[in-house]
Structures are given as structure tokens and as C-alpha cells.
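Numbering (my numbering), first residue to last: 1 to 151.
See below:
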């Protein structure tokens, strides 16, 4: 099993190679290993409540909506909610459907002083299939077979 140091080094290299302004970019499997190896780390799911209810959620994740459904109106209190729920010193990983909103959340968190902000690439559902446009089959948290629930 990879060490926490190795996983985070790889994530940092990915961010550097891609010019990302936050600490690193993790695959879903790497993010799960970080949660296992660093119990004080936080996974913040930034999807809408509707997405959590309809698609599923990661057990133990903190939920702070980046935007609200319907209309995907930005959450004006995102940063204050993050500050209330996650310590600035914590290693925090952001998750959304495919990696876009979580990227934005990691950027904002970094700008607010979170030095260990990571994006989870591929998101919870990942890319959609070419034929049926279904998500959760090609990549992402669900396709990787990582723990999730509909509860």
C-alpha cells in the first residue's frame, strides 16, 4: 500500500504539472487512502442536496453546497460554512459530480488560507458513457468501487 507521503507527493506533482493553484489533485482511490491513512483529513462534498439524495453520498463526508438546485445559484455562504466546519490546518479534499465545482472550491479554499486543499479528480460520478450518457461507469468515486450510500 502506498504511503500517505507518496500519495500526497503524486497529487502535488499533478497540480504543479497542470498549473493548479491548490495543494494537489487526487484520484478517487487516492482520496479514499488519504481518509484511511490520515483520520483528521476531511472530505467536503460540494454537490447539491438533490444530487446527494438522488445519486448517493460518501459516508462521513462533510456537505457544503457550492451552488443550489435548481438553477445552480452560487452559495454566497460557502466560505463561511467551510470556515465553521473545517479547520484551516486540516488536509481538506473537495468532491463534486465530475471535478469542476470541487476544483473551484479548492481554489477558493486556498485563497482563504487553506494550505492543504485538494481536488478529487473525476468526482463522484465521473464522465458519462458515449451511448447512454450514464455516469458512474467510466471513472469517479462510484466506478472505482469506493464506499457510498443512498441513505
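All C-beta atoms in this analysis are idealised placements derived from N, C-alpha and C, irrespective of residue type, glycine included.
Keep in mind it's a predicted model, so treat the numbers as computed, not measured.
Contact under 9 angstroms by Cβ, residue i with residue j
{"i": "residue 34", "j": "residue 4", "result": "yes"}
{"i": "residue 46", "j": "residue 78", "result": "yes"}
{"i": "residue 32", "j": "residue 146", "result": "yes"}
{"i": "residue 127", "j": "residue 98", "result": "yes"}
{"i": "residue 29", "j": "residue 144", "result": "yes"}
{"i": "residue 150", "j": "residue 57", "result": "yes"}
{"i": "residue 82", "j": "residue 109", "result": "yes"}
Beta-carbon separation (whole angstroms), residue i vs residue j, contact threshold 8 angstroms
{"i": "residue 196", "j": "residue 66", "result": "Any answer about residue 196 is impossible in this case: the structure gives the chain only from 1 up to 151."}
{"i": "residue 141", "j": "residue 95", "result": "7 angstroms"}
{"i": "residue 92", "j": "residue 116", "result": "6 angstroms"}
{"i": "residue 125", "j": "residue 55", "result": "6 angstroms"}
Buried or exposed by the 16-neighbour rule on C-beta atoms within 10 Å, applied to residue i
{"i": "residue 84", "result": "exposed"}
{"i": "residue 114", "result": "buried"}
{"i": "residue 102", "result": "buried"}
{"i": "residue 100", "result": "exposed"}
{"i": "residue 22", "result": "buried"}
{"i": "residue 73", "result": "exposed"}
{"i": "residue 49", "result": "exposed"}
{"i": "residue 130", "result": "exposed"}
{"i": "residue 27", "result": "buried"}
{"i": "residue 16", "result": "exposed"}
Secondary structure of residue i, DSSP reduced to three states
{"i": "residue 11", "result": "helix"}
{"i": "residue 5", "result": "helix"}
Within-9 angstroms CB hit, residue i to chain B
{"i": "residue 30", "result": "Absent from the structure is chain B; it holds one protein chain and no more."}
Review point. Could you give the uninterrupted runs of the alpha helix (DSSP H) lying entirely in the stretch 21 to 109, keeping only those of 4 residues or more?
Key: 28 to 37, 49 to 55 and 78 to 85
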